[in-house]
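All remarks here apply to the structure that follows.
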Amino acid sequence: DAGITQSPRYKITETGRQVTLMCHQTWSHSYMFWYRQDLGHGLRLIYYSAAADITDKGEVPDGYVVSRSKTENFPLTLESATRSQTSVYFCASRDRAYMNTEAFFGQGTRLTVV
Amino acid sequence: AQSVTQLGSHVSVSEGALVLLRCNYSSSVPPYLFWYVQYPNQGLQLLLKYTSAATLVKGINGFEAEFKKSETSFHLTKPSAHMSDAAEYFCAGVTNFGNEKLTFGTGTRLTIIP
Chain A
14 DAGITQSPRY
24 KITETGRQVT
34 LMCHQTWSHS
44 YMFWYRQDLG
54 HGLRLIYYSA
64 AADITDKGEV
74 PDGYVVSRSK
84 TENFPLTLES
94 ATRSQTSVYF
104 CASRDRAYMN
114 TEAFFGQGTR
124 LTVV
Chain B
-18 AQSVTQLGSH
-8 VSVSEGALVL
2 LRCNYSSSVP
12 PYLFWYVQYP
22 NQGLQLLLKY
32 TSAATLVKGI
42 NGFEAEFKKS
52 ETSFHLTKPS
62 AHMSDAAEYF
72 CAGVTNFGNE
82 KLTFGTGTRL
92 TIIP
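Heads up: the sequence lines are chains A and B, in that order.
Residue numbering for the first sequence follows the numbering used here, starting at 14 and increasing by one per position.
Residue numbering for the second sequence follows the numbering used here, starting at -18 and increasing by one per position.
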């Protein structure tokens, strides 16, 4: 199916554990993004990628690691999860062709760190 | 740097009443602006976008927004609210040609009163 998919949809993990959230898109969009959504903060950018092997920090990158070895995948890793990383995480992709093209979002991953 | 401000984290309107959700941007250059809607436990879905072709933009589900450069605003309206409009709404913007990051407002939760 065409689109952008995230997995898992729900995850509970313990403090200190490593967790990887997966994101896959089928459009070959150049740009991919990871956001976290928290009450009162809206969506905040964690990391983004302009193309395979090109990544850059967003607004709140501390405690997260990303990679992009293939255009279609953009996994987000929490190296040592903390309670403050409990959040809903959204992956998005965007075609760079035009500035006014919209971003397409996955369904989100609800992560709880206990 | 571009920023987007949404006034009112919660808005309640009666069914059939006018919906007005406010968004202001701060930018020295004309931005590209978007409105997204998020239904419970779902990702973000594009409502409409400003492409500079017209200042009044029509979107899905009867929503529209007017770009007013003099007021640096891009408010979202719908003439008659429906119960199915209850959701969270996000304004987002892109500026800085060559920088394709979307910056989001903090969101407005719309409640429809029967």
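Using N, Cα and C, we set each Cβ at its ideal position, and we do this for glycine too.
Bear in mind that the values here come from a model prediction, so they are computed numbers and not experimental data.
Classification of residue i by the beta-carbon crowding that lies within 10 angstroms, buried from 16 upward
i: A:Asp75; result: exposed
i: B:Leu1; result: exposed
i: B:Asp66; result: buried
i: A:Tyr60; result: buried
Coil, strand or helix - residue i by DSSP
i: B:Asp66; result: helix
i: B:Leu83; result: coil
i: A:Met45; result: strand
i: A:Thr39; result: coil
i: B:Ser(-10); result: coil
i: A:Gln31; result: coil
i: A:Gly16; result: coil
Beta carbon proximity, residue i to chain B, threshold 9 Å
i: A:Asn113; result: yes
i: A:Gln38; result: no
i: A:Leu91; result: no
i: A:Phe118; result: yes
i: A:Tyr77; result: no
i: A:Phe103; result: yes
i: A:Phe87; result: no
Option in the options with minimal Cα separation from residue i
i: A:Gly55; options: B:Gly88, B:Ala67, B:Leu(-1), B:Val(-8); result: B:Gly88
i: B:Leu14; options: B:Phe48, B:Lys59, B:His63; result: B:Phe48
i: A:Gly16; options: A:Trp40, A:Leu34, A:Met35; result: A:Trp40
i: A:Ser20; options: A:Phe117, A:Val32, A:Thr28; result: A:Val32
i: B:Gln26; options: A:Val79, A:Leu124, A:Ser106, A:Ser82; result: A:Ser106
Within-9 Å CB hit, residue i to chain A
i: B:Leu27; result: yes
i: B:Leu83; result: yes
i: B:Phe44; result: no
i: B:Lys39; result: no
i: B:Lys50; result: no
Complete runs of the beta strand (DSSP E) confined to the segment -8 to 63 of chain B [at least 3 residues]
0 to 7, 13 to 19, 25 to 31, 37 to 39, 45 to 49, 54 to 59
Length-filtered (4 minimum) alpha helix (DSSP H) runs lying within the segment 47 to 109 of chain A
none
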